[in-house]
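Okay, so here's the structure we're looking at.
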Amino acid sequence: MEHAAGVLLFVPFIVGTVLAFAAVIRRLLGVRVGWLRTLLAAVLALVTTAPILAALAPEDPTTVSGGEAVLLGATAVVVSALLAMAALVILEVLLPTGSLPGPVEMWRGARRRAARAGRYSTIVRIALRHGLGRFLRGRPGSGPTSAAARRRLARSLREALDEAGVTFVKLGQLLSTRGELLPAEFVEELTALQDRATPAPWDDIAAVLAAELGRPVGEAFLEIDPEPMAAASVAQVHAARLTNGTPVVVKVQRPGIAVIVERDLDILARLAGTLEDRTSWGRSFGARRLALGFAEALREELDFTIERDNLQTMAAALDASPDRGVRVPTPFVSLSSERVLVMRRLPGTPLGAAGPQLARLGDERRATIAANLLDSMLDQILVYGNFHVDLHPGNLLVDDDGTLGMLDLGSVGRLDAVTRTAIGQLLAAVGRGDSVAASDALLRLADRPEALDERELQRTVGVLIVRYATPGSTAGVAAVGALLRTFTSYGLGVPAPVAAVFRAFATLEGTLGLLRPGFDLIGQARVAGARRIAETLAPERLRGTLEEELAALLPMLRGLPRRIDRIGEAVEHGRLRLNVRLFADDRDRLLVTGLLHQALLTIIGATCGVMAVLLLGSGNGPRISTGVALFPLLGYGLLIVAVVLVLRVLVVIFRRD
C-alpha cells in the first residue's frame with residue numbers, strides 16, 4: 010500500500026516537472042513550437058538531469074554543503090534544459106513544425122491513401138498499357154518528331170483518357186481546346202472524346218431525387234419518364250411534368266459521382282505535380298496550374314446551384330439585350346439543389362439533328378440566325394462578362410421559327426471589366442488593321458514576361474491581321490490557333506478566362522457552320538465589333554458615357570485643390586517628405602532574407618568552430634561517465650555543428666555559381 014501511495018504521489022510530480030520544463034523551453038525559445046515536440050524535449054530534459062547532476066557532483070557527496078547542492082541542482086537543470094532546447098532546434102531544422110501532420114490528420118491521410126491506392130494503380134496500368142509510361146517516368150528524350158508518330162501518340166492518349174473515366178475524359182475535352190499547349194494532332198484526336206455513360210438505374214436516380222427534394226418523387230412531379238433523355242458521366246436528364254402540367258427537364262447527378270471525381274482530382278493533382286517537377290514539357294504546360302483550374306471548373310459543374318444561378322444571370326442578360334432570338338431555360342429554384350436541377354423544357358431540336366428545320370428556313374434566314382447567335386455571344390463577352398464557353402451543336406436547340414435555346418450552363422466564362430475592354434479594343438484594332446493597337450490589347454490580355462520585343466510582336470500581329478482578318482478570308486479557327494501560338498512563342502501567359510474566350514469562339518465556329526454553311530466568323534465579328542464601336546460613339550450613348558466618366562472623376566476633382574494647397578504649404582514650411590517603402594517586392598525580401606540567413610549561418614558556424622577548438626584544448630573537464638568527459642563531448646558536438654553550417658553555406662554558394 011505504501012509503495013502504491015508513493016507511485017501515486019510520484020506520477021503527478023513527474024507530470025508537473027515535465028510541464029514546467031515544457032513551459033520554460035517554449036518561453037525561452039520565443040517561437041511557436043508544437044506542443045507534442047515541446048513535451049518530448051521536456052521529457053528529454055527530465056531524463057538527462059540526473060546524469061548531468063551525477064557528472065557535476067564530486068566523488069564524495071558528503072563534502073557538498075546545502076548551498077552547493079542547490080547550485081549543482083540548478084546547474085544540472087539549466088544544462089539539461091539547454092540540451093533539450095538544442096535538440097528541439099535541431100528537430101525544427103530537420104522537420105519544421107507543420108511539415109508533418111498531426112495524429113488525427115495522419116490517420117485520415119492513411120485512410121485516403123489506402124482508398125486511392127487501387128485507383129492510382131489502375132490509372133498507371135492504363136497508361137502503361139497504352140504506351141504512356143515513359144512520359145510518367147519523366148525520362149529525358151525528345152518527343153515524336155513526325156506527324157504520324159504524334160498522331161499515334163495522340164490516339165493512345167485519347168484511348169487512355171477514355172478508359173480512365175469521367176474526370177480524365179473531361180480533362181481531355183479541356184485540353185482539346187488549348188491549341189497553344191498541344192500540337193494540332195493532339196487537339197484533333199482529343200476533340201473526339203465524348204462524355205457518355207450507361208444510364209444509372211431508375212431506383213438510384215429516384216432515391217437521389219427524393220433525398221434532395223425532401224419528399225417522394227410522385228408528390229413533386231405529375232409524371233417523370235424513367236428513361237433518360239441523355240446520360241453523361243456526371244448527370245442524366247429526364248423529361249417530366251410539374252403538378253400544374255408545366256413541361257420540365259430534370260437533371261440529376263449520378264449517385265456517388267462526387268466521391269469518384271474528388272478522388273480522381275486528388276490523383277490528378279499529384280500526377281500534375283510529378284510531371285511538372287520531373288519533365289520539361291510538364292513545366293512548360295504549367296501542369297499544376299492547369300490541374301488546379303480544371304479541378305475548380307469540374308467542382309463547379311458538380312454543384313447544380315451554380316448552373317441554376319448561371320441560368321438566371323444569362324436570362325437577365327438576354328432580356329436586357331436586343332432580341333437576338335436566343336433564350337435559356339428558366340430554372341425552378343424551389344425544386345433545385347446541389348444535385349438536382351429542374352428547368353422549363355424548351356421546344357426545339359438539337360442543332361446536330363435539325364437539318365430539316367433549317368432547310369425549311371432558307372439560306373437568308375439561316376444567315377440571320379447565325380449572325381444573331383454571334384451577336385449574342387459578343388454581347389455576353391463584351392457587355393455582361395458572362396458567356397457560354399462550350400456552345401457546341403449538342404448544347405443548342407433550334408425551334409421551327411428559328412429561335413435558339415442554349416443548354417448546359419454548368420460552367421460559364423466570367424470576365425472582369427478590364428478584360429472585356431481589352432477584348433473590345435482587340436476587335437476594334439483588328440477591324441482597323443492597326444497592329445500597334447492590337448498588340449497593346451494583347452499585352453493587356455496576357456501575362457507579360459519580363460523581357461519582350463514589342464516591336465517584333467507588332468510585326469507578327471500585323472502579319473496575322475493581313476493573313477486572317479482581311480475581307481474575303483475564311484480562316485476562323487486557324488486564326489484563333491495562330492493567335493494562341495503567338496502567345497506561346499513570345500512567352501505570353503494566357504489567363505484562364507482569356508483562354509475560355511478563345512475556346513468559346515473555336516467551338517462556336519463549328520456551330521455557326523451548321524446553322525449557315527460557309528459563315529465567315531472573323532468577318533462577321535469584325536463587322537459586329539465596328540458596329541458596337543459606332544453605337545458607343547453615337548450622340549445619345551456618348552452623352553451617357555461622358556456623364557458616367559465625370560461622375561467617377563468628380564470626387565477626385567473636388568479634392569484636388571485641397572491636396573495641391575497642402576503640398577504647397579508643406580513645401581513652403583519645409584515639411585515635404587517622401588515615404589518610400591523598402592523591399593515592397595516579395596523577391597527583394599526573399600533576396601535580403603536569404604543573404605542574412607547565409608551571413609548568420611556563417612557567423613554561427615565560425616563561432617561554434619572556435620568554441621569547439623577552445624573546448625578540445627581545455628582538457629577533459631567534468632566526467633560524465635568513466636570513459637566520457639564533458640569538454641571533449643561538447644567540443645566534438647560543436648565541431649560537427651560548425652561543419653554542417655559551413656557546408657550548408659558552401660553548397661548554396663556553389664549552386665548559385
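Per this note's numbering, the very first residue in the sequence shown carries number 10; after that it's consecutive.
Don't be surprised by glycine CBs; every beta carbon is placed ideally from N, CA and C.
> Taking the beta strand (DSSP E) that leucine 424 falls in, what are its first and last residues?
Replying inline: Taken as a continuous stretch (DSSP letters only), leucine 424 belongs to no beta strand (DSSP E), as it is neither H nor E.
>> Output needed for valine 655: all residues of its chain with C-beta closer than 6 Å, excluding positions within five of it in sequence on either side, in chain order.
In response: Gly614
>> Can you give me the C-alpha to C-alpha distance between leucine 623 and leucine 642, rounded to a whole angstrom?
In response: 12 Å
>> Comparing C-alpha positions only, which one of Arg164, Ala306, Asp409 sits nearest to valine 270?
In response: Ala306
> Taking just the CA atoms, how far does leucine 100 sit from alanine 608?
Replying inline: 22 Å
>> DSSP three-state label for histidine 247, please.
In response: strand
>> Please tell me whether serine 444 and glycine 422 are closer than 8 Å, where the distance is taken between their beta carbons.
In response: no
>> Just to confirm before moving on: does the CB-CB distance between leucine 391 and isoleucine 432 stay below 8 Å?
In response: yes
> Cβ atoms of alanine 156 and glutamate 194: under 8 Å apart, would you say?
Replying inline: yes
>> My output table needs one value for valine 337: the three-state DSSP class, helix, strand or coil.
In response: coil
> So the beta strand (DSSP E) isoleucine 233 belongs to, where does it begin and stop?
Replying inline: 230-233
>> Going by DSSP in three states, aspartate 399 sits in which element: helix, strand or coil?
In response: coil
> From Arg464, Ala169, Ser185, pick the residue whose C-alpha is nearest to that of threonine 516; which is it?
Replying inline: Ser185
>> Can you find the residues in the same chain that come closer than 7 Å, C-beta to C-beta, to tyrosine 499, ignoring five residues on each side of it along the sequence?
In response: Leu461, Leu466
>> Does aspartate 666 come out as helix, strand or coil in the three-state DSSP assignment?
In response: Since pLDDT at aspartate 666 reaches only 44, below the 50 mark, its modelled position is unreliable, and no value is offered.
> Among residues of its own chain, excluding the 5 on either side of tryptophan 211, which ones have a beta-carbon nearer than 6 Å to its beta-carbon?
Replying inline: Pro235
>> Only counting the same chain, and skipping five residues up and downstream in sequence, which positions put a Cβ closer than 7 Å to that of alanine 447?
In response: Leu435, Ala438, Val439, Val470, Ile474
>> Am I right that glycine 291 and leucine 301 are in contact with their C-beta atoms under 8 Å? What's the rounded C-beta distance?
In response: No, glycine 291 and leucine 301 are not in contact; Cβ-Cβ is about 14 Å, not under 8 Å.
> Could you give the distance in angstroms between the alpha-carbon of threonine 430 and the alpha-carbon of alanine 380?
Replying inline: 22 Å
> What are the boundary residues of the beta strand (DSSP E) that includes glutamine 262?
Replying inline: 256-262
> serine 345 and arginine 317 look like a contact to me (Cβ under 8 Å); what is the Cβ gap, rounded to whole Å?
Replying inline: 5 Å
>> Just to confirm the assignment, what range does the alpha helix (DSSP H) spanning leucine 327 have?
In response: 313-329
>> Assuming alanine 93 and alanine 51 are in contact, meaning their beta carbons sit under 8 Å apart, how far apart are those beta carbons, in whole angstroms?
In response: 7 Å
> Under the three-state reduction of DSSP, which class applies to leucine 405: helix, strand or coil?
Replying inline: strand
> Using DSSP with H/G/I as helix, E/B as strand and the rest coil, what is alanine 123?
Replying inline: helix
> Helix, strand or coil: how does DSSP classify proline 149 here?
Replying inline: With a pLDDT of only 44 at proline 149, under 50, the local geometry of the prediction cannot be trusted, and no value is derived from it.
>> Quick check on aspartate 456: does DSSP put it in helix, strand or coil?
In response: strand
> Using 8 Å as the threshold, is the stretch 245-260 in touch with the stretch 268-282, meaning 3 or more CB pairs across them?
Replying inline: no
> Between which two residues does the beta strand (DSSP E) harbouring valine 349 extend?
Replying inline: 349-353
> DSSP state of alanine 363, grouped into three classes?
Replying inline: coil
> Hey, valine 257 and alanine 244: beta-carbon distance below 8 Å or not?
Replying inline: no
>> Taking the beta carbon of glutamate 232 as the centre, do at least 16 other beta carbons fall within 10 Å, making it buried, or is it exposed?
In response: exposed
> Rounded to a whole number of angstroms, what is the C-alpha to C-alpha distance between leucine 162 and leucine 562?
Replying inline: 58 Å
> Does DSSP classify alanine 93 as helix, strand or coil?
Replying inline: helix
> Hey, how far is the Cα of glycine 82 from the Cα of valine 652?
Replying inline: 33 Å
> Are the beta-carbon atoms of valine 337 and leucine 320 separated by less than 8 Å?
Replying inline: yes
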